Each structure stands twice: as structure tokens, then as C-alpha cells.
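Visitor:
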Amino acid sequence: MPTSWRMALAAGFLAVTAAVTTARPAKAEELVFLSTQLRPIEEAQKVRDLLLKGAPKTTFIVDEPSPFTVRMQAEHTAGKHTVSLVGALHGELQPLVPIGALDAVDDVAEAVKSRNIPASLMELGKFGGEHQLYIPWMQATYVLVVKRDALPYLPAGADVNALTYDQLAQWAKAIADKTGQRRLGFPAGPKGLFARFLQGYLYPSYTASSVSEFRSAAAEAMWSDFKTLWASVNPNSTSYDFMQDPLQAGEVWIAWDHISRFKDALQATPEDYLVVPPPAGPKGRAYMPVIVGLGIVKGAPDRAGAAAVIQHLEKPETQILTAAETGFFPVVEAKLPADLSPGIKLLAEGIARTQNAKDALPVLLPVGIGDKGGEFNKVFTDTFQRIVLRGEPVRPTLDAEAAVMRDIIATTKAPCWAPDKPSSGPCPVN
Amino acid sequence: MQNMTQGADAGHVARKARGDVLPYLLIAPAILFLTLLFLVPLVQTIALSFTTGGAWSLGNYARMTGDLNFGVAIRNTFMLVIAVIPLQVALALGMGLMLQKLARGRDIVLWIWTIPLGVSDLAAGLVWLAILQNTGYLNSALFKLGLIAGQTAWLNAETPVTLFIGIVLAEMWRATAIVLVILVAGLQLIPKEFGEAADIFGATPWVKFRRITLPLLKPSLQSALILRTVLAFEVFAVVYALGGRNFPVLTGEAFVWQNENQNYGVAAAYAVLIMAVSLAATFIYLKALRARPETQP
């Protein structure tokens, strides 16, 4: 008896495995779209159910930036391709350029010409070369979100839509003094984007640079200002990843973060919040536009399908739907409808105010440092940790970290990117 | 007659040879599995940790020891091990002895005590985060009791003591059960006769514990300590959930170097360091807690 049982079990097991194996689509021409953006499960599902509706049948999968690069490099080296279409940040696509993993998409660029994607954005997709290597897909940036409860404490004479770092510091201090709680917050947790704040907002606002002037006198003054400001910052900031969470929990009233990381709070109770441009420093109101691009893999199993999906995603109606569902804004000419949800509308207005500010200073994401991006970010977060959290003296810390940055630039030979002045060779760290 | 004996001998030898080979054949898949999925990556990791830019060098180790979080990570990891392990062993020993005295419902109690074993460590960390964070259950309770005026933070860089206590509590809750299970198994192996004999001579419970239970429990204690200490040196998810970057530990640093800084060499150096520390701890336990076979029943 037991033998027959075992036989039956084995047969059942075989049947199940067979079913599983056949259920897996193993067709070579399957169109796989791998993205580092829209990773949260609800957002990925929106891409599958809504944004890709009407496009050729596509398997949309997501991965974190680091495994994304490894997978694309591995598939390229092995010559065995499963992914046809990739969607990632400009800086995440860049490591794929020197190894030739991205196919030229000049034909697709031609096909979406009528969508009027700004030439400056299209230019970014060429990585300084001749051919179009990605088509801009959507854009985003970082803003300050202010809870209306904070407004009574705004320093006299300050305009909430044109704050300076000094005013932000006074404001946060007034709130801390009068409410007994430190309610300014930054996403300085393990998955937070605080490094972008330091390199794209704070540094350029004070020094008009994020590399060359890293250890300048202006940077020294900036750090001592920021250390003072940090005394009014919620100490839990070093655990915050997405600022919508502490905002909704009432821990924080003023927060800086990526627009998509405010979406839940703004959509839940839009009447509670203002979206305002980031603060300005002596050198201007630095801000970092974020560009997400769509590229086709060289040797893609389904190149034609991938090109068709790009064209679908670049349609104005898809782009508007993308904005409404994900909080990433159109790159094509598309008028956002008046009935946009109030939270998304707040974000759109905040972005417009940032871009149109008189003293706006656009800052590029690091260019040309490839897989050293993580270590480049670490220079900024380490400097912050040493000066602000551990109270190390500013000058020697800046000198030591500048040496690390010099090494990174020397290894990658990256020339300066905006707002640093263009350099002929690797970007100098003065 | 002679032939028959020879035939029997030959059969015996063949059986014996087969008997010699069989155990090796049976463990061969396990060895193959370990070689492919453990030894090969191990050698690769060690090699990776000693290469920078394609050439042999100690650069990754210099980078690791020169990093601002290295000293802190070492200190935090050792502090956790030193605080958590003795507490866990004492607690598990106490719980195990109490369990022995229960006449009824032992299985139920053991079952309840070992529930945390079934919870993944990240989930355990998140459970404790829900208790200890600003808007967590602890603050709600303290607020209702009128002990705090508003949200109070326990888990950030400015409150290192409560952060440490929080992590220790979470680790105790999560991983005491594994020690308990091993010690309970060990306690059940101790023959009752020793205790009965001691009773006849009028030994106090304390003397019985020190002279009978503890020495006979040595092999189980050794296994429990080795297992728990190695795991404690690899502590990660609970710390990550509760402390994030505020409480760097060795495994966490390896993760950050691998995932965020994308420098696999330095991450490999951390991995090798963790392995060396774990091996050293295991070696110390093997030496210090060696139980001579003749002292065991």
C-alpha cells in the first residue's frame, strides 16, 4: 500500500511541476519591460492595468537600481536577452551606454517627434553622442510640502513660495520653540533620498556647484548654517524614507522629498497641505529635475513591440494618465486636465512655481560617474554625518571627504556637469 | 568445506566494502550541494575582497577599516552580542527548567513560547517598530497614563540608549526560543536517577542545578551558544527595521556597501570579517565548553 501511495504522490508531483512549467510563458518573443521606477506594488499594477492598456501585450516587471544594472550587464555579456524595453532614470541608464547595451532609437525619436518633447530633454537621451539612446518618458523633481498648521509660525516678511534657507531655519526653530516638537523633516533614512538634497539642493544653492566648490569657504559657511538648522529638525529624520509617512502621522509639518513620495499624503487630505518651491541660498534656488527614460535593449527579443510600447506611452493621453496615477509629470506637450485630483494638482503647481522661480538654478543628476554613483552619494551623506551628527570640525572633514571625491572623479574621469562650470578633463575638486 | 568458507568470506568482504562506500554515497549529494552553493561562493567572496580593479590588493580592507562607520559597527555588533546572548541563555535556561516542572500543558506552553521562531526576523523588527515608534503602542499607552506629554522618540541617533534597549528587547523576543528549544531537548536527556540519588543525599535544588543539570547540559549549551552567537554576529533585519542607519552593525554595513555604494569589494571584505569573527567565536566555545565524553551519561 505505501508504495502505491508514494507512486501516486510522485505522479501528482510530476503533474504539478509539468503544469507549472507549461504555465510559464517561455516564448522567445515575449515583450518584457523592466523598470526601476514605479516599483511600489500599487504603482506597478497601475502600469499594467491602466498605462499599458492599448499597447502591445507587455510583461511589466520592476527591480531596484542596483540589481537592474547587474541584470542588464549580465544579459548583455551573455548575449541571452529576456528584456526588450527598459525604463530607468537618466543616471541608471548611463552605465549601460559604454558597454553598448542600449540600441539606438533614432527611429522611435522620429516617430514621436510630433509630441514635442523639449529639445533639452531629448538631448539628454543622447548621452553626448550622435544617436538617441533613450526617449524621455516622464519627469519629476523634489519640493517642499508644508502642512497648513505650520503657517502661523512663518517668520515675518517671509513668502512661503520664495523661502530662503535662513527663513526655513527661523521657521523650524519658531515651530520647535512654540510647539515643543521639532517638525521640519528630511528623508535621511536608509531608503531616503537625502543625498540628492545635499548634492542637488543645499550645495548648489550656496556654492553654485556640487563638485568643484565642495570644500570652498562658501561650503564651510553652508555646513555651519545647516548644522544650526538641524537643531530644529525632527531627530527621527535619519529613519525617514518616504516623507508622506511622517507628514500623515503628524510628526513633521515641513518636509523636503521627491514629489512621488508625497503623493499618498497629498491625495488623502489635499486641503491640509501646500506644495512650495525648495528654499534659496546665496547662489539661487537650486532644484533637480529628474528624467526617466525609455530605452530599447540591443538584441531585444521584441524590438518592434518595444518601439510600439514607447509610442503608446508617449501619447498625450497616456502621459496625462501617468501623471494622474503616479505623480510623474508629462515630458510631451500635454495640458493637464482641470479635473485632475487635487493632490496631483498641488504637485503640478508646486513644480511650475519651482521651474518658473526668478532665481531657479537647475542642477543635473550626477553625470558620467557610472557605477560610482553610490560612492559619490556617500561622500555627501558621510560629510553630513560627520559634521552635523557627530560634530566633527567642518574644515578638516571637508578636506578629507574632498580627497575621496577626487578619487571617484579621477577613476571615472567625469567632466563637470551643471551647475558646475564645464571642464575639459575630469571635473576638478578645488 | 574450504571453498564454502572462502565463498562466505568473499561475500562478507564485498558486503563490507559496500557498507564502507554506502555512507559516502549517501552524503555525496549534500557535499556536492555545499560545494556548489557554499564553498565556491565563499572562495569567490574571499577572492573578491582581496581584489581592487582586477589586481590583488588590501585596498578593500583599508577602505573598510577607514570608513567612518566601521568602528561604530564593530562596537555595536559586539555590544549586542555581549548584552543579548547571556540574557537569552539565562532566560531560556529558566524557562526550560520551569517547563520541566509543569505536570500538565507543557506542550501548549512550549508551543506558545516558540511562536516567535515562526516569525521572520524582518517581520519581528517591524512588529517592534509598531510598538516603539513615535506613533506606536508604547507612546499611546504612556500618553493615556499621563506619563508623556506628546510624541516621544525612542529610536533615533539622539536616544542611543533607548534605541539599544529596543533592539535588545526585540532580539530577545525573537531569538530566545531557538535557545530554549535546544536546551529543553538537552534537559530531557538528563536521566531522572541522578536527581533522585541527589535527593536521597539531601542536596538542595541549587546544588542539584549546579552539580547535575549544568554539567550534563554542557553539550546542548555549547550548540545553543554557537548557533546563537553566530546568528547574533549576523544580526541585521531587526536592527535595520528599528534603527536604520542610526545603529550601524557589520552585516548592515556589508549590505550598504553592496547595495547602495555598489562597491562589491568592500562588501566582500565585511563578509569575510563577519565570517572570521563567527569562526573565532565558535572556536572559543568549542574549547571552553568541551564536555569530556566520560562525564556524560
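Top to bottom, those sequences are chains F and B.
Each residue of the first sequence is one higher than the last, beginning at 1 in our numbering.
Each residue of the second sequence is one higher than the last, beginning at 1001 in our numbering.
Using N, Cα and C, we set each Cβ at its ideal position, and we do this for glycine too.
Computed from a predicted model, the values in this text were never measured in an experiment.
#1: What is the DSSP secondary structure of Val-1249(B), reduced to helix, strand or coil?
#2: Decide yes or no for the touch test of the region 1170-1183 of chain B against the region 1119-1126 of chain B: beta carbon pairs closer than 8 Å, at least 3 of them.
#3: List, in chain order, every chain F residue whose beta-carbon is nearer than 9 Å to that of Gly-1054(B).
#4: When you compare only the Cα positions, how much space is there between Lys-335(F) and Phe-328(F)?
#5: Nearest CA to the CA of Phe-1194(B): which residue from Lys-1208(B), Leu-1183(B), Asn-1076(B)?
#6: Taking Cβ positions only, does Leu-1048(B) come closer than 8 Å to chain F?
#7: Just mark Pro-419(F) as buried or exposed, buried being the case when its beta carbon has 16 or more other beta carbons within 10 Å.
#8: Is it the case that the Cβ atoms of Glu-36(F) and Leu-89(F) are separated by a distance below 8 Å?
#9: Using a Cβ cut-off of 8 Å, which residues of the region 1148-1172 of chain B contact any Cβ in chain F, in chain order?
#10: With respect to the alpha helix (DSSP H) encompassing Thr-77(F), which residues constitute its N-terminal and C-terminal limits?
#11: Taking DSSP as the reference, what is the three-state secondary structure of Gly-1265(B)?
#12: Applying the criterion that 16 or more other CB atoms from any shown protein chain within 10 Å of the CB defines a buried residue, is Arg-215(F) buried or exposed?
#13: Assuming Thr-164(F) and Ala-280(F) form a contact by the criterion Cβ under 8 Å, report the distance between their Cβ atoms to the nearest whole angstrom.
#14: Please look up how many angstroms separate the CB atoms of Val-143(F) and Ile-351(F), rounded, as I've assumed it's under 8 Å.
#15: The beta strand (DSSP E) that contains Ile-296(F), what's its start and end?
#16: Is there contact here, the region 189-198 of chain F with the region 122-141 of chain F, by at least three beta-carbon pairs under 8 Å?
#17: Could you tell me which residues DSSP puts in a beta bridge with Gly-185(F)?
#18: At which residues does the beta strand (DSSP E) containing Thr-59(F) begin and terminate?
#19: Counting only beta-carbon separations shorter than 8 Å, does Gly-180(F) have a partner in chain B?
#20: Just reading off the beta strand (DSSP E) that Phe-33(F) is part of, what are its end residues?
#21: Where does Pro-1029(B) land, buried or exposed, given buried means 16+ other C-beta within 10 angstroms?
#22: Which residue wins for smallest C-alpha separation from Gly-1054(B), given the options Ala-1141(B), Gly-1265(B), Trp-1128(B)?
#23: Please name the residue, chosen from Gln-248(F), Val-331(F), Met-72(F), that lies closest to Glu-123(F) on a Cα-to-Cα basis.
#24: Would Ala-1254(B) pass as a contact of Ala-1271(B) if the rule is Cβ separation under 8 Å?
#25: Who are the neighbours of Arg-406(F) on chain B, taking C-beta pairs under 7 Å?
#26: Of all the residues that make up the region 221-242 of chain F, which are near chain B by a beta-carbon distance shorter than 7 Å?
#27: Check whether the region 1088-1099 of chain B and the region 1180-1195 of chain B touch, using three or more Cβ-Cβ pairs below 8 Å as the test.
#28: Quick one, which residues of the region 1248-1268 of chain B are near chain F if we go by CB-CB under 7 Å, in chain order?
#29: Just mark Phe-1201(B) as buried or exposed, buried being the case when its beta carbon has 16 or more other beta carbons within 10 Å.
#30: Which term fits Asn-116(F), buried or exposed, when burial requires 16 or more other beta carbons within 10 angstroms of its beta carbon?
#31: Would you check if the distance between the CB atom of Thr-318(F) and the CB atom of Leu-38(F) is smaller than 8 Å?
#32: At the level of alpha carbons, what is the spacing between Ala-265(F) and Arg-1075(B)?
#33: May I have the straight-line CA-CA distance separating Asn-430(F) from Ser-210(F), to the nearest angstrom?
#34: With a floor of 3 residues, list each beta strand (DSSP E) that falls wholly inside the region 232-285 of chain F, ordered by position along the chain.
#35: Determine, using beta carbons only, whether His-312(F) comes closer than 8 Å to chain B.
#36: In this structure, how does DSSP classify Ala-1291(B) when only helix, strand and coil are distinguished?
Guide: Looking at the atomic coordinates:
#1: Here the question's residue 1249(B) lines up with position 249 in the second sequence. Residue state, collapsed to three classes: coil.
#2: They touch, by the three-pair rule.
#3: By 1-based counting over the second sequence, the position of residue 1054(B) is 54. Within chain F, no residue comes near Gly-1054(B); the closest Cβ sits about 13 Å away, beyond 9 Å.
#4: As a first step, residue 335(F) must be located in the first sequence, where it is residue number 335. As a first step, residue 328(F) must be located in the first sequence, where it is residue number 328. Rounded to whole angstroms, Lys-335(F) to Phe-328(F) spans 14 Å at the Cα level.
#5: For the purposes of this step, residue 1194(B) is taken as the residue at position 194 of the second sequence. Sorting Lys-1208(B), Leu-1183(B), Asn-1076(B) by C-alpha distance to the C-alpha of Phe-1194(B) places Lys-1208(B) at the top.
#6: The residue you call residue 1048(B) lines up with position 48 of the second sequence. For Leu-1048(B), no Cβ of chain F is located within less than 8 Å of the residue's own Cβ.
#7: Your numbering for residue 419(F) matches position 419 in the first sequence. By the 10 Å Cβ count, Pro-419(F) comes out buried.
#8: In the first sequence, the residue the question calls residue 36(F) occupies position 36. In the first sequence, the residue the question calls residue 89(F) occupies position 89. Reading off the sequence, residue 36(F) comes out as Thr, not Glu. A contact, by the Cβ cut-off of 8 Å.
#9: For the region 1148-1172 of chain B, which is checked against every Cβ of chain F, the residues closer than 8 Å are Ala-1149, Gly-1150, Gln-1151, Ala-1153, Leu-1155, Asn-1156, Ala-1157, Glu-1158, Thr-1159.
#10: Taking the first residue of the first sequence as 1, we reach residue 77(F) at position 77. Per DSSP, Thr-77(F) is one residue of the alpha helix (DSSP H) stretching across 65-78.
#11: What you label residue 1265(B) is simply residue 265 of the second sequence in a count that begins at 1. Gly-1265(B) falls in the helix class under three-state DSSP.
#12: Walking along the first sequence from the start, residue 215(F) turns up at place 215. When all chains shown are included, Arg-215(F) counts as buried.
#13: Taking the first residue of the first sequence as 1, we reach residue 164(F) at position 164. Taking the first residue of the first sequence as 1, we reach residue 280(F) at position 280. Rounded to whole angstroms, the Cβ separation of Thr-164(F) and Ala-280(F) is 5 Å, and the two are in contact under 8 Å.
#14: As a first step, residue 143(F) must be located in the first sequence, where it is residue number 143. As a first step, residue 351(F) must be located in the first sequence, where it is residue number 351. Contact holds; Cβ gap of about 7 Å.
#15: In the first sequence, the residue the question calls residue 296(F) occupies position 296. Residues 290-297.
#16: A contact between stretches requires three or more CB pairs, one per stretch, nearer than 8 Å, and the region 189-198 of chain F fails this requirement with the region 122-141 of chain F.
#17: One-based indexing of the first sequence puts residue 185(F) at position 185. Paired residue(s): Ala-255(F).
#18: Numbered from its first residue, the first sequence carries residue 59(F) at position 59. 59-62 is the span of the beta strand (DSSP E), which, as asked, contains Thr-59(F).
#19: Here residue 180(F) refers to the residue found at position 180 when the first sequence is read from its first residue. Chain B places a beta carbon closer than 8 Å to that of Gly-180(F), counting this residue as a contact.
#20: Within the first sequence, residue 33(F) is the residue found at index 33, counting from 1. 32-35 is the span of the beta strand (DSSP E), which, as asked, contains Phe-33(F).
#21: As a working note, residue 1029(B) is residue 29 in the second sequence. Exposed is the call here.
#22: Within the second sequence, numbered from 1, the residue matching residue 1054(B) stands at position 54. Put simply, of Ala-1141(B), Gly-1265(B), Trp-1128(B) the residue whose alpha carbon is nearest the alpha carbon of Gly-1054(B) is Gly-1265(B).
#23: Looking up residue 123(F) in the first sequence gives position 123. Glu-123(F) has its Cα closest to that of Val-331(F), out of Gln-248(F), Val-331(F), Met-72(F).
#24: Within the second sequence, the letter at position 254 stands for residue 1254(B). Within the second sequence, the letter at position 271 stands for residue 1271(B). Contact check for Ala-1254(B) against Ala-1271(B) passes: the beta carbons are separated by less than 8 Å.
#25: Taking the first residue of the first sequence as position 1, residue 406(F) is located at position 406. None at all; the shortest Cβ gap to chain B is about 15 Å.
#26: Per Cβ criterion, the list reads Pro-235, Asn-236, Thr-238, Ser-239.
#27: Short answer: they touch.
#28: Answer in chain order: Asn-1259, Glu-1260, Asn-1261, Gln-1262, Asn-1263.
#29: Looking up residue 1201(B) in the second sequence gives position 201. Exposed.
#30: As a first step, residue 116(F) must be located in the first sequence, where it is residue number 116. Asn-116(F) should be labelled exposed.
#31: The count along the first sequence starts at 1 and reaches residue 318(F) at position 318. The count along the first sequence starts at 1 and reaches residue 38(F) at position 38. The Cβ atoms of Thr-318(F) and Leu-38(F) lie no closer than 8 Å to each other.
#32: The residue labelled residue 265(F) in the question sits at position 265 within the first sequence. The residue labelled residue 1075(B) in the question sits at position 75 within the second sequence. Each residue's Cα considered, the two are about 39 Å apart.
#33: As a first step, residue 430(F) must be located in the first sequence, where it is residue number 430. As a first step, residue 210(F) must be located in the first sequence, where it is residue number 210. Straight-line spacing of the CA atoms in Asn-430(F) and Ser-210(F) works out to 11 Å.
#34: The qualifying runs are 254-258, 273-276.
#35: Taking the first residue of the first sequence as 1, we reach residue 312(F) at position 312. Contacts with chain B at 8 Å (Cβ-Cβ) do not include His-312(F).
#36: The residue labelled residue 1291(B) in the question sits at position 291 within the second sequence. Here Ala-1291(B) sits in coil by DSSP.
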